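Reviewing the structure listed below.
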Amino acid sequence: MTGPHLRAERISVTFATRRRGKGHRALNEVTLDVGKSEIVGLVGESGSGKSTLGRVIVGLQESYTGTVSFAGEVLAHRRSIVQRRAIQMVFQDPYASLDPQMTVWQMLEELLIVHKIGGTRDARRERCRELMRLVHMPASLLDVRPAGMSGGQRQRIALARALAVDPQLIVADEATSALDVSVQAGIINLFADLRDQTGLSILFISHNLAVVRSLCDRVAVIYQGEVVEVAGTEAIFNAPQHDYTRQLLAAAPDLP
Amino acid sequence: MTEGGSQAVDQADSTPLLEIDRLCVSARIKGEQFRALDAVSLTVRRGEARGLVGESGSGKSITLRAAMGLLPHSLSVTSGAIRFKGRDLLADGGKSLAAVRGTGIAMVFQEPAVALNPVMRVGRQIVDSVAWRRGWSRREAREFAVELMTQVGIRDPRRWADAYPHQLSGGMRQRVMIAAAVACQPEMIFCDEPTTALDVTVQAQILALFKKLQQELNAGFLYVTHDLSVVAEFCSTLSVMYAGRIVEQADDLKAMVAEPAHPYTRALLAAVPRIKGPAKRLRGLASSAPPLTERSQAPAQPLAQIRPGWQAALATKDEIALFSTGVEA
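Those protein sequences? They're chains S and F, same order as listed. So the first sequence is numbered by numbering that gives the first Met the number 0: it starts at 0 and just counts up by one. So the second sequence is numbered by numbering that gives the first Met the number 0: it starts at 0 and just counts up by one.
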């Protein structure tokens, strides 16, 4: 295999607006790579197009121009079930992204059945226990519904759900933004460990520069639908080239 | 003036602007009473910006809401006092509180989209609280609104004064709420996560605006947030809460952040990702605050003096063990 693991090339997305005309161009010819086992940060403010790019990569935004290729294969705009399996997403709000009526076990098992993983019920149960270990949760919580869990626990379950189908890339969209700093630190470490242990690639979308610095290998800065700068994390933070990156860094609060 | 103080404090006025004195609040859950706040004491002086930080469930918002007299029905103040310029606001069944709210004290909330009235033009909304008190005409009120909007950095205020909240961006809405808060020229401003929903660039502008207002009005701020970096940017004094208690507070935020005395403060700071300095692996906390029903019901011990103007709770052996282990679970 040659080239990067994931390559989103010249992606443009235009949303129709109520008024007649050209519509709103949310992404304009954006190109972004994520290497195997690499953690890439995507930072920008609200409306910059960072979530839209994440949705294009995962396959939730089917209307775009440009190509998304993964492991050397160009992905169709409407993904096949196998293609969907390889790239999974974790969302911001752990309270909104889990079905309140299902226990963790039901949520995970449903996925395993849909994707035909795991074989017998016992094998599936064992796989779920393993997933819980992977996200540092007690297996006893498999039979609990989300209402009985804290925000951090829910986000770990959301991550376990993403991991259940053995993805190669996870797109995390503001996955720690709704959490307390103490809980956030645990989730960031979990992402880093998963990469080290399983070779997972991660596209980490966030508006929080300090979080991105603590986790990512490379950072892409997106502004008004265009990637304005991509560089290694330390290069971005020590020697930002683009004016907008400098502005973002100057605005970010920090401890003394 | 204590040696730990970094902010020039008004010497002539020795009574603090706001004094929360051993405030206890209890929560009623299924007919039983539980301690939600346990002997919380803190002061804010004129011109001082005090950060009040803690995780969800630490009681920081309850403290703020109690001080504003906005506790939900399930919570009630059981003992302690809240004094504004030496006057106990709780003593006469909330009458004094009603008198100072909107004149002496003002509030800025996290979500301006919710706090603002969606069907009232923002210009009118800003001056609504003061216009009738001062008996102004419509035109006078509008002129004042435009002046305030200019003061909080809204460009083209004449145009935006006639807009409704939904027509404004999040940052503009927060500016409108701040304009409404400063309309009465408050001496004390309570802030509840006012920049949490905003972009970093907008957040930086709002913090700069707060600094400007702090100087112009010489107002005291009690600034509640979970974001220690934001507090470090704006505040000069700091109180840290955990499980309904203050575990550490100092009149010199920088000194406290540099050498936290309580293991919980230390753990909390170790979890904060940094922009500058060496990139380190963060430390997650072993446990967040336990739910109310599982907390110790023993009364809190008084804080010990670390230095003048700097106090911390004595940590029990269990707490030291709990907060000192960096845990990944």
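Just so it is clear, CB atoms sit at the ideal spot from N, CA and C, and this is done for glycine as well. Being a predicted model, the structure only gives us computed values, none of them experimental.
9 Å Cβ cutoff met for residue i and residue j
i, j, result
"I41 (chain F)", "G58 (chain F)", "A small correction: the amino acid at residue 41 (chain F) is Leu; Ile does not occupy that position in the sequence shown. In this structure, G58 (chain F) does not lie closer than 9 Å to L41 (chain F) by Cβ."
"S149 (chain S)", "V182 (chain S)", "yes"
"Q248 (chain F)", "A311 (chain F)", "yes"
"V170 (chain S)", "M88 (chain S)", "yes"
"L252 (chain F)", "A270 (chain F)", "no"
"V175 (chain F)", "L216 (chain F)", "no"
"T336 (chain F)", "A250 (chain S)", "No information on residue 336 (chain F) is available, as it lies outside the stretch 0 to 328 that chain F covers here."
"H261 (chain F)", "S55 (chain F)", "no"
"V223 (chain F)", "L89 (chain F)", "no"
"T197 (chain S)", "L133 (chain S)", "yes"
"F233 (chain F)", "A48 (chain F)", "yes"
"D216 (chain S)", "E72 (chain S)", "no"
"S228 (chain F)", "A209 (chain S)", "yes"
"V129 (chain F)", "L70 (chain F)", "no"
"V126 (chain F)", "R141 (chain F)", "yes"
Distance cut-off 8 Å: residue i Cβ against heavy atoms of the ligand GDP
i, result
"A97 (chain F)", "With respect to small molecules bound, the structure shown includes none, and the ligand GDP cannot be examined in it."
Residues bridged to residue i [DSSP beta-bridge criterion]
i, result
"A182 (chain F)", "Note: A182 (chain F) sits in no beta bridge, so no partner."
"L41 (chain F)", "F:I19"
"V39 (chain S)", "S:L202 and S:R217"
"T66 (chain S)", "S:E8"
"C190 (chain F)", "F:V107 and F:Y222"
"L261 (chain S)", "Residue 261 (chain S) is absent from the model: chain S starts at 0 and stops at 255."
"H23 (chain S)", "S:F14"
"T236 (chain F)", "F:R49"
"S25 (chain F)", "F:R34 and F:S75"
"A311 (chain F)", "F:E247 and F:A303"
"Y241 (chain F)", "F:R244"
"D172 (chain S)", "S:I204"
"D32 (chain S)", "S:R6"
"R100 (chain F)", "F:I104"
Reference residue i; option with closest CA among the options
i, options, result
"S213 (chain S)", "S:V229, S:S200 and S:G185", "S:G185"
"Y163 (chain F)", "F:T195, F:V201, F:V118 and F:T264", "F:V118"
"D172 (chain S)", "S:I187, S:E125, S:G65 and S:D98", "S:I187"
"G65 (chain S)", "S:S11, S:I80, S:G20 and S:M101", "S:S11"
"G79 (chain F)", "F:P71, F:A65 and F:A160", "F:A65"
"N28 (chain S)", "S:G224, S:E44 and S:T244", "Per the sequence shown, the amino acid found at residue 28 (chain S) is Glu instead of Asn. Of the candidates S:G224, S:E44 and S:T244, the one whose C-alpha sits nearest the C-alpha of E28 (chain S) is S:G224."
"A179 (chain F)", "F:K211, F:A266, F:G122 and F:V99", "F:G122"
"Q60 (chain S)", "S:T102, S:L97 and S:L26", "S:L26"
"K293 (chain F)", "F:R34, F:P259 and F:R21", "The sequence given here has Glu at residue 293 (chain F), not Lys. Of F:R34, F:P259 and F:R21, the residue nearest in Cα terms is F:R34."
"L247 (chain S)", "S:I235, S:S176 and S:R123", "S:I235"
"E18 (chain F)", "F:Q300, F:G152, F:V39 and F:I28", "F:V39"
"L321 (chain F)", "F:L284, F:A299 and F:Q300", "F:L284"
"E146 (chain F)", "F:R137, F:S168 and F:R157", "F:R157"
Same chain, Cβ closer than 6 Å to residue i, five either side skipped, listed in chain order
i, result
"L5 (chain S)", "V33, F69 and L168"
"H241 (chain S)", "V227 and E228"
"G40 (chain S)", "F203, V211, C215 and V218"
"T315 (chain F)", "none"
Same chain, Cβ closer than 8 Å to residue i, five either side skipped, listed in chain order
i, result
"P99 (chain S)", "R144, P145 and A146"
"I205 (chain F)", "G170, Q173, R174, I177, P193, T194 and L197"
"D20 (chain F)", "S40, G79, A80, I81 and R82"
"V330 (chain F)", "Examination of residue 330 (chain F) is not possible in this model, given that chain F is present from 0 through 328 alone."
Beta-carbon proximity list for residue i, same chain, < 7 Å, skipping 5 on both sides
i, result
"Y241 (chain F)", "G53, S57, Y263 and A288"
"P15 (chain F)", "T42, V43 and R44"
"T1 (chain F)", "Confidence at T1 (chain F) is low in this model, with a pLDDT of 42, below 50, so its placement is unreliable and the value that follows should be read with caution. Excluding sequence neighbours, T1 (chain F) sits near D250, P307 and G308."
"L313 (chain F)", "Q300 and A303"
"L178 (chain S)", "G150, G151, Q154 and I186"
*Where in the segment 56-88 of chain F do unbroken runs of the beta strand (DSSP E), each at least 3 residues long, occur, reported from the N-terminal end onward?*
74-83
*3-residue-minimum beta strand (DSSP E) runs that sit fully inside the segment 75-105 of chain S, ordered along the chain*: 86-89
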